[in-house]
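Here's the structure, in structure tokens; my notes come after.
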């Protein structure tokens, strides 16, 4: 069974810092990897989706990389802002699950203070 | 256009009560997923529908959990004789294509169930 781990579990930084959130997964046979943001009491908002054939994706201040062979992904947040405060979840869709379920990590809870 | 909607947003049930949680997926989306998210955890898969067919229910934790999608659009997750361990946020997601294709899953806001 696919296991997804996220480090760190929590992160508190001052505004303006560049951040790296880490995600690792145990089975490298994946279709894609997705990073989500979850605000308190809200659902999940997709930030970036990286296909298994891709190495990275960028959207604004966010950049996600994927190293499938080593089972790792990083989410890089540039020039962090208080509005970035949320829980960030990593999820993989693996080839062992032909019916598309996502396997999630527990998330990194990010706090950016002014 | 409209996203995935879920109702109710919050539900408090006394232990032993039955509850029904509703999901309205994005119009035209073939695939529908239910996930359960316990406090401090990532979402865990419960069940998957392709149109009206329930193709995977391997994540349902017990036979007290039942899901349906009779017309291939709206889905209902029913929990019978609720227990305290059922307290969680229940998330619904829909996707345009069939599950093995590389379509994104779009998530609703969730229903927070508290069993007292």
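Protein chains in written order, with my numbering: chain A, 660 to 773; chain B, 108 to 223. For every residue, glycine included, the Cβ atom is placed at its ideal position computed from N, Cα and C. Here the structure is a predicted model, which is why all the values come from computation and not from measurement.
With a Cβ-Cβ cutoff of 8 angstroms, do residue i and residue j count as a contact?
i: residue 765(A); j: residue 149(B); result: yes
i: residue 155(B); j: residue 760(A); result: yes
i: residue 185(B); j: residue 127(B); result: yes
i: residue 624(A); j: residue 689(A); result: The question about residue 624(A) has no answer, for chain A in this structure spans 660 to 773.
i: residue 189(B); j: residue 116(B); result: no
i: residue 169(B); j: residue 176(B); result: no
i: residue 196(B); j: residue 120(B); result: no
i: residue 680(A); j: residue 734(A); result: yes
i: residue 704(A); j: residue 714(A); result: no
i: residue 674(A); j: residue 768(A); result: no
i: residue 736(A); j: residue 725(A); result: no
Taking only beta-carbon positions, decide if residue i is within less than 8 angstroms of chain B.
i: residue 727(A); result: no
i: residue 724(A); result: no
i: residue 766(A); result: yes
i: residue 763(A); result: yes
i: residue 730(A); result: no
i: residue 759(A); result: yes
i: residue 690(A); result: yes
So residue i packs on residue j, CB below 8 angstroms; how close in whole Å?
i: residue 157(B); j: residue 138(B); result: 6 angstroms
i: residue 208(B); j: residue 758(A); result: Their Cβ separation, rounded to whole angstroms, is 11 angstroms, which puts residue 208(B) and residue 758(A) out of contact at 8 angstroms.
i: residue 216(B); j: residue 701(A); result: 6 angstroms
i: residue 111(B); j: residue 201(B); result: 5 angstroms
i: residue 677(A); j: residue 738(A); result: 7 angstroms
i: residue 745(A); j: residue 762(A); result: Rounded, the Cβ-Cβ distance is 20 angstroms, inconsistent with contact.
Following the continuous beta strand (DSSP E) through residue i, name the residue where it begins and the one where it ends.
i: residue 732(A); result: 731-736
i: residue 155(B); result: 151-157
i: residue 691(A); result: 689-697
i: residue 768(A); result: 767-772
i: residue 668(A); result: First-last for residue 668(A): undefined, no H or E at that position.
i: residue 701(A); result: No beta strand (DSSP E) holds residue 701(A); DSSP gives it neither H nor E.
i: residue 197(B); result: 195-202
i: residue 723(A); result: 721-726
Name the chain A residues whose beta carbon is nearer than 8 angstroms to that of residue i?
i: residue 211(B); result: 693, 705 and 708
Chain A partners of residue i, CB-CB under 9 angstroms?
i: residue 226(B); result: Nothing in the structure corresponds to residue 226(B), since chain B is present only between 108 and 223.
i: residue 97(B); result: Since the first residue of chain B shown is 108 and the last is 223, residue 97(B) is not available in this structure.
Taking 8 angstroms as the threshold (beta carbon to beta carbon), is residue i in contact with chain A?
i: residue 155(B); result: yes
i: residue 143(B); result: no
i: residue 62(B); result: Lying outside 108 to 223, the shown extent of chain B, residue 62(B) is not represented and no answer is given.
i: residue 135(B); result: no
i: residue 125(B); result: no
i: residue 150(B); result: yes
i: residue 162(B); result: yes
i: residue 114(B); result: no
i: residue 172(B); result: no
i: residue 138(B); result: yes
Can you pull the chain B residues whose beta carbon is under 9 angstroms from the beta carbon of residue i, in chain order?
i: residue 747(A); result: Residues of chain B passing the Cβ test: none, with the nearest at roughly 11 angstroms.
Could you work out which residues of chain B lie near residue i, taking near to mean beta carbons separated by less than 8 angstroms?
i: residue 792(A); result: Past the edges of chain A, shown from 660 to 773, lies residue 792(A), and the structure says nothing about it.
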